[in-house]
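Undergrad: The structure's right below; bear with me while I get my questions together.
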Ligand code: HEM
């Protein structure tokens, strides 16, 4: 069908081209034949843009119909400098003051719009990337995000089937030792509880319009999302605060050292019966810690930018730094835009926020697995804080020895 359309269009264009030349009179027939040659895409050095006088080409139109991205620099650079002499005025096909030129200037932000209120945000009348963002948010973001979570659950189920629960070798001793004090456990649970609430309400806000409204109706979706937004916006403060507290509490125990290499080389004791020595946190836990801090920090920043719309633009500045470091060039890419419309800033903040959240949720699913189902005795550490001595010796031998010596010298009895 597309091919047929293409053939029809090409025939039409060449017929009108020849007809126009002939209507000019003079050497019409000869020129018509020459033009047919110039417009032949098969010819070497053929420039389709020159053939349309710098305007759109058939390839552009077809590519856009196929949802492909086109290089539109020929339009961007044509703003405000169209020839004006000898043209009958505003309605001329390529008139300097034609309406299409105004719309193009608005579209590419070359306009001089003045508004009485609303500032930079209100000055943007057409926002070129809006639809691209919307289709990304409703399409790939939801699809790949949910797949990442589903994929992680499948991996964990497979791991459980293959490895089973990591047991305490030789069984529990019945004697316990304090692993995390009350304040540490409370901070962990505020962080965990708020993150889980944020994750659920965030996903609902993302998929509500696409999945909930068609099934349960728009009113039900609206009421639900009003609630999820309220929870999401307010619980975010508990997350940010506990993130800072957890960072301060545990950062000293999470500085990478040589022991971590040994732990990784031995597969962390996840396979087989060997358990490499570890201090308070092993390399796997350090990875979790730094993922939580870095991804959680980035999530918080983009979240703040969304919480205070247009007040905290992050991306133009970040792109400027990335360009100055020459990073895009290293990967053969064009520099990132240093100027962004306020709306574009918000769209990027939303996309980044959701991508980081999905990555972090997938990682945390692994963490929850190992803290509950995956390892015998692990949950106690965050439950009442007391872990069995056999567990402590198996998983954190260096920390255990030190803790025992410290407790003995301070007179703290094992329970
Ligand atoms: C139901 C959910 C969760 C459970 C059952 C759980 C369980 C645990 C347990 C048992 C530990 C201590 C491990 C040890 O003794 O060495 C721990 C540590 C930790 N948790 Fe969670 N957790 C949960 C959710 C979360 C969430 C949502 C976050 C962050 C957003 C988080 C962040 C951490 C961090 C940073 C540590 C220290 C590093 C580590 O042990 O991996 N946890 N968690």
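Numbering (the UniProt record's numbering), first residue to last: 1 to 415. Yeah, the Cβ is synthetic: ideal placement off N, Cα and C, and Gly gets one too. Quantities reported herein were computed from a predicted structural model and do not represent experimental measurements.
(1) Would you list the residues sitting across from residue 166 in a DSSP beta bridge?
(2) Quick one: using the 10 Å Cβ neighbour count with 16 as the cut-off for buried, is residue 255 buried or exposed?
(3) Going by other Cβ atoms of all chains shown within 10 Å of its Cβ, with 16 needed for buried, is residue 408 buried or exposed?
(4) Would you mind sorting residue 342 into buried or exposed? The rule is 16 or more other CB atoms within 10 Å of its CB.
(5) Ends of the beta strand (DSSP E) at residue 388?
(6) Applying the criterion that 16 or more other CB atoms from any shown protein chain within 10 Å of the CB defines a buried residue, is residue 21 buried or exposed?
(7) Taking 8 Å as the cut-off, does the CB of residue 285 come closer than this to any heavy atom belonging to the ligand HEM?
(8) Using 8 Å as the cut-off, can you tell me whether the region 304 to 315 makes contact with the region 345 to 358, which would need three or more C-beta pairs spanning the two stretches below that distance?
(9) For residue 124, does the count of other Cβ atoms within 10 angstroms reach 16, so buried, or fall short, so exposed?
(10) With residue 198 and residue 243 assumed to form a contact (beta carbons below 8 Å), what rounded beta-carbon distance in angstroms separates them?
(11) Let me check you understand the geometry: is the CB of residue 367 closer than 8 Å to at least one non-hydrogen atom of the ligand HEM?
(12) Hey, how far is the Cα of residue 87 from the Cα of residue 324?
(13) Pull the bridge partners of residue 426 from the DSSP assignment, please.
(14) Specify the secondary structure class of residue 108 as computed by DSSP and reduced to three states.
(15) Leaving aside the five residues before and after residue 249 along the sequence, list all residues of the same chain whose C-beta is less than 7 Å from its C-beta, in chain order.
(16) How close, in whole Å, do the beta carbons of residue 266 and residue 210 come, if the pair is a contact with beta carbons under 8 Å?
(17) With a threshold of 8 Å, establish whether the CB of residue 250 neighbours any heavy atom of the ligand HEM.
(18) Could you pull out every residue in the same chain whose Cβ sits closer than 7 Å to the Cβ of residue 417, ignoring the five residues on either side in sequence?
(19) The alpha helix (DSSP H) with residue 66 in it runs from where to where?
TA: With the structure as the only source:
(1) BP columns for residue 166 point to 375.
(2) Under this definition residue 255 is an exposed residue.
(3) By the neighbour-count criterion, in which 16 or more other beta carbons inside 10 Å mark a residue as buried, residue 408 falls on the exposed side.
(4) buried
(5) 386 to 388
(6) Any reading at residue 21 must be qualified, since the residue scores a pLDDT of 39, below 50, and its modelled position is unreliable; no value is offered.
(7) yes
(8) yes
(9) The residue is buried, with at least 16 neighbouring Cβ atoms inside 10 Å.
(10) Not really, about 11 Å apart at Cβ, beyond 8 Å.
(11) yes
(12) With a pLDDT of 49 at residue 87, under the threshold of 50, the modelled position of that residue is not reliable, and no figure is offered here.
(13) Summary: the structure shown does not reach residue 426, with the chain confined to residues 1 through 415, and so no result is reported for it.
(14) coil
(15) 184 and 187
(16) In fact, because the Cβ distance is near 45 Å, the residues do not count as touching under 8 Å.
(17) Distances between the C-beta of residue 250 and the heavy atoms of the ligand HEM include at least one below 8 Å.
(18) Residue numbering for the chain in the displayed model covers 1 to 415; residue 417 lies beyond these limits and cannot be assessed.
(19) Note, residue 66: premise wrong, no alpha helix (DSSP H); not H, not E.
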